[in-house]
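Contents: one structure, followed by commentary.
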Amino acid sequence: MPDQAEIDSRIARIEAALGAAMAAVAAKADAPDHSAELKAVEAELLVARQRIVTLESEAKEREAALSKAIDRAEAAEATPAAPQADVAALESRIAELTAARAMDLAEMKALLAELEPMLETANA
953 MPDQAEIDSR IARIEAALGA AMAAVAAKAD APDHSAELKA VEAELLVARQ
1003 RIVTLESEAK EREAALSKAI DRAEAAEATP AAPQADVAAL ESRIAELTAA
1053 RAMDLAEMKA LLAELEPMLE TANA
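So that you can map any letter, position 21 of the sequence shown is 973 in my numbering, and since no number is skipped, the others follow by simple counting.
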């Protein structure tokens, strides 16, 4: 059985180690505050989501217009006496709307690609 001096020595070593550990914890720098950055990213995310909603709405409107143009073009094709200028104008309009829709989709994809890193950062 250890004598009192040995027990006191062990207690002193434990207290010294505990004191050193507490000093190291106290000296350790606090984690940096990223709340301002997070708020900025959240604000950007909100703006981006609003932009996505706007783009989706515009895409739906253009898709409806494209559908109407296609219907008119099909009706013009079904009518044998339709002037060729009207058909050409409709085909031109269809091409314009199709290109606009492709551009809208590309913009949405690019916006989503920009948002993904922000979401990963915000969720980290």
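Every residue gets a Cβ at the ideal spot worked out from N, C-alpha and C, and that includes glycine.
Proximal residues to residue i (C-beta, below 7 Å), its chain only, five neighbours per side dropped
i: ALA1021; result: LEU1042, ARG1045, ILE1046 and LEU1049
i: GLU996; result: MET1070
i: ALA1028; result: ALA1034, ASP1038, VAL1039 and LEU1042
Residues of its chain near residue i, where Cβ-Cβ distance is below 8 Å and the 5 sequence neighbours each way are ignored
i: MET1060; result: ILE1004, LEU1007, GLU1008 and ALA1011
i: ALA1054; result: none
i: GLU1066; result: ALA1000
Euclidean distance between Cα positions of residue i and residue j
i: ALA1051; j: ARG1001; result: 23 Å
i: SER987; j: ASP1056; result: 33 Å
i: ALA968; j: ALA975; result: 10 Å
i: ARG962; j: ALA973; result: 16 Å
i: ALA1062; j: ALA978; result: 46 Å
i: GLU1072; j: ALA1058; result: 22 Å
i: ALA957; j: GLY971; result: 21 Å
i: GLU1068; j: ASN1075; result: 11 Å
i: ARG1014; j: LYS980; result: 58 Å
i: ALA1016; j: ASP985; result: 48 Å
i: GLN1036; j: LEU998; result: 48 Å
i: LEU1064; j: SER1019; result: 26 Å
i: ASP955; j: ALA964; result: 14 Å
Residues near residue i in its chain [Cβ-Cβ closer than 6 Å; skip 5 each side]
i: ALA1024; result: The sequence as given places Arg at residue 1024; Ala does not occur at that position. Result list for ARG1024: LEU1042, in chain order.
message = Within 8 Å, do at least three Cβ pairs link the stretch 1034-1051 to the stretch 991-998?
response = no
query = Can you list the beta strand (DSSP E) stretches of 3 or more residues lying completely in the stretch 1023-1070, in chain order?
reply = none
Beta strand (DSSP E) runs wholly inside the stretch 957-990, at least 3 long, in chain order = none
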